[in-house]
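Undergrad: In this note's numbering, the protein residues as written are 438 to 562.
Just so you know, even glycine gets a beta-carbon here, dropped at the ideal spot from N, CA and C.
The model shown is predicted, which means the values in this text are computed figures rather than measured ones.
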């Protein structure tokens, strides 16, 4: 059986997320260059490589490259104005940093609204 390289990743975390997704779908896979990338800069090593059997390449590519790598559509938050999914949390953390923002939010009882990166609309969920 032939083995093909499906994708290169810059970080160990990204590579392991993809490997875990493929394992969950029952597609055998493995990573190479993981230790080299941990010890050296990822630019020097060429990144972490995810390999699969050639017979599973198309299905694995759909899982890793497609929408199935993200949460299901039911759990996604969309902008009520433009229906974009490019949403971030917008709160005191943006002004004060993560730690101080969390302290300010807890002490003042502030909520952390959502912000649409597409249209700029700020909203509560």
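Just the Cα atoms here: how many angstroms apart are residue 559 and residue 544?
TA: 22 angstroms
Undergrad: Hey, would you say residue 514 sits closer than 7 angstroms to residue 553, going by beta carbons?
TA: no
Undergrad: Do residue 500 and residue 397 count as a contact pair if the criterion is CB distance below 7 angstroms?
TA: Residue 397 lies beyond the range of the chain shown here (438 to 562); nothing can be said about it.
Undergrad: Give a yes or no on whether the C-beta atoms belonging to residue 439 and residue 497 are separated by under 7 angstroms.
TA: It is not a contact, given that the beta carbons lie outside the stated cut-off.
Undergrad: Looking only at its own chain, which residues have a Cβ that is under 7 angstroms from the Cβ of residue 640, when we skip the five neighbours before and after it?
TA: With the chain covering only 438 through 562, there is no way to say anything about residue 640.
Undergrad: Between 464, 460 and 487, which lies nearest to residue 470 when the distance is taken from Cα to Cα?
TA: 487
Undergrad: Quick one: measure Cβ to Cβ for residue 516 and residue 466, integer angstroms, because I've assumed they're closer than 8 angstroms.
TA: Residue 516 to residue 466, Cβ: 35 angstroms. No contact.
Undergrad: Run through the DSSP bridge pairs and tell me what residue 489 is partnered with.
TA: Answer by DSSP bridge pairing, in chain order: 441 and 466.
Undergrad: Which residues mark the beginning and the end of the beta strand (DSSP E) in which residue 522 is found?
TA: No beta strand (DSSP E) contains residue 522, which DSSP labels as neither H nor E.
Undergrad: Using the Cα positions of residue 460 and residue 454, report the straight-line distance between them to the nearest angstrom.
TA: 10 angstroms
Undergrad: Given a threshold of 16 other Cβ atoms within 10 Å of its Cβ, counted over all protein chains shown, does residue 446 qualify as buried or as exposed?
TA: buried
Undergrad: Closest by CA to residue 561, which one among 518, 489 and 494?
TA: 518
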